[in-house]
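Numbering (the working numbering), first residue to last: 6 to 307. Quick notes on the structure that follows.
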């Protein structure tokens, strides 16, 4: 539960306090207190427990959700149920000789509250479908922490290969291309020797953060090898992939990475776009071959 969410619901807290206060005041004004000897403590325990539980549900809703239609419906339904439970509990302490309608009325809020809760759960279901769709786009279908690189916090090459196999199947069904980028940091071995493994790992983390900041929310970045990163671009044609590759390359080049001395990096980069009949392994092999060509002594990129 998040106290910041509760601050967004101040009007609802006021409404809840007002409704409970009115209920308590009305029953004490119209009712006559029962003698202590007539209390049925088993009923008090059961009805009191239900009253406390519905109050807890109310507070949990307000402390756990942002403003919105679903939150309002949950609040109304739970408040009605809580007031009904509260009236039922107060019957154990008060009798209403001249206001018998209260005893008849006490079950109505619970019925209405359950109806409102049913509507709220219907909208909550659709809300969850929408959220899950967005999470699937963001996380590329599922999150497995065993496939996370502990140095950078990115996913590993194994995770990328799993996703590529899935994406190839989807692309074959829907004929929708996707693209891959690969980056290989230049002269990273020299930095590792100069600053040591700890500072080299810090640089890798900073590179990962830089790439995440400059990629789209739906893109997936993985650490492919020691100083090599791979980026999956869903539903991205070759022309857009080229633009993205140069954008990320420039971002890395113009970023000063924190080391004992500020360091500037550059990277070899390659890109490939899926075509029908290609497997994920073939795409990765093409990326690696392009990088290998760039690293040749006579290459312009070298």
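No residue lacks a Cβ here, since even glycine has one placed at the ideal position from N, Cα and C.
*Cα-Cα separation between residue 43 and residue 85, rounded to whole angstroms*: Reading the chain shown from its first residue, position 38 is the one you call residue 43. Reading the chain shown from its first residue, position 80 is the one you call residue 85. The C-alpha of residue 43 lies about 28 Å from the C-alpha of residue 85.
_So, at 6 Å on beta carbons, what are the nonlocal neighbours of residue 235 in its own chain, with the 5 sequence-adjacent residues on each side left out?_
Within the chain shown, the letter at position 230 stands for residue 235. Excluding residues within five positions, the ones whose Cβ falls inside 6 Å are 165, 187, 227, 229.
*Beta bridge counterpart(s) of residue 277 as assigned by DSSP*: Along the chain shown, one-based indexing puts residue 277 at 272. Partner(s): 185.
*Hey, is the segment 61–74 in contact with the segment 31–49, meaning 3+ C-beta pairs nearer than 8 Å?*
Verdict: no, contact absent.
*Just confirm the distance between the C-beta atoms of residue 276 and residue 184, as a whole number of angstroms; I'd bet it's less than 8 Å.*
Looking up residue 276 in the chain shown gives position 271. Looking up residue 184 in the chain shown gives position 179. Their Cβ separation, rounded to whole angstroms, is 6 Å, which keeps residue 276 and residue 184 in contact under 8 Å.
*Determine the burial state of residue 58: buried for a count of at least 16 other Cβ atoms within 10 Å of its Cβ, exposed for fewer.*
The residue you call residue 58 lines up with position 53 of the chain shown. Per the 10 Å Cβ criterion, exposed.
*Examine the Cβ distances between the segment 251–269 and the segment 284–304 and report whether three or more of them are shorter than 8 Å.*
Contact fails: fewer than three Cβ-Cβ distances are below 8 Å.
_Straight-line Cα distance separating residue 73 from residue 124_ = As a working mapping, residue 124 is identified with position 119 in the chain shown. As a working mapping, residue 73 is identified with position 68 in the chain shown. So the alpha carbons of these two residues sit roughly 14 Å apart.
_Assuming contact is defined by CB atoms lying nearer than 7 Å, are residue 155 and residue 211 in contact in what I supplied?_
Along the chain shown, read from residue 1 onward, the residue named residue 155 stands at position 150. Along the chain shown, read from residue 1 onward, the residue named residue 211 stands at position 206. The Cβ-Cβ distance between residue 155 and residue 211 does not fall below 7 Å.
*residue 167 versus 179, 243, 153, 190, residue with shortest Cα-Cα distance*: As a working mapping, residue 167 is identified with position 162 in the chain shown. Distances from the alpha-carbon of residue 167 to those of 179, 243, 153, 190 put 153 closest.
*Buried or exposed for residue 201, please, with buried defined as at least 16 other CB atoms from any protein chain shown within 10 angstroms of its CB.*
What you label residue 201 is simply residue 196 of the chain shown in a count that begins at 1. Residue 201 counts as exposed, since fewer than 16 other C-beta atoms from the protein chains shown sit within 10 angstroms of its C-beta.
_Assigned secondary structure, residue 146 (DSSP; H/G/I helix, E/B strand, else coil)_ = Indexing the chain shown from 1 puts residue 146 at position 141. At residue 146, the pLDDT of 47 sits below 50, so the modelled position is not reliable; the number obtained from the coordinates is stated separately. Taken through DSSP and simplified to helix, strand or coil, residue 146 comes out as coil.
*With C-beta atoms as the reference, is residue 132 less than 7 Å away from residue 49?*
As a working mapping, residue 132 is identified with position 127 in the chain shown. As a working mapping, residue 49 is identified with position 44 in the chain shown. Not in contact: residue 132 and residue 49 (Cβ atoms no closer than 7 Å).
*When you compare only the Cα positions, how much space is there between residue 52 and residue 92?*
Residue 52 sits at position 47 when you count from the first residue of the chain shown. Residue 92 sits at position 87 when you count from the first residue of the chain shown. Each residue's Cα considered, the two are about 10 Å apart.
*Please confirm whether residue 36 and residue 127 have their CB atoms less than 7 Å apart.*
Stepping through the chain shown from its first residue, residue 36 is reached at position 31. Stepping through the chain shown from its first residue, residue 127 is reached at position 122. Cβ distance not < 7 Å, so residue 36 and residue 127 don't count as in contact.
*According to DSSP, which residues form a beta bridge with residue 269?*
Numbered from 1 along the chain shown, position 264 holds the residue referred to as residue 269. According to DSSP, residue pairing for residue 269 in a beta bridge involves 261.
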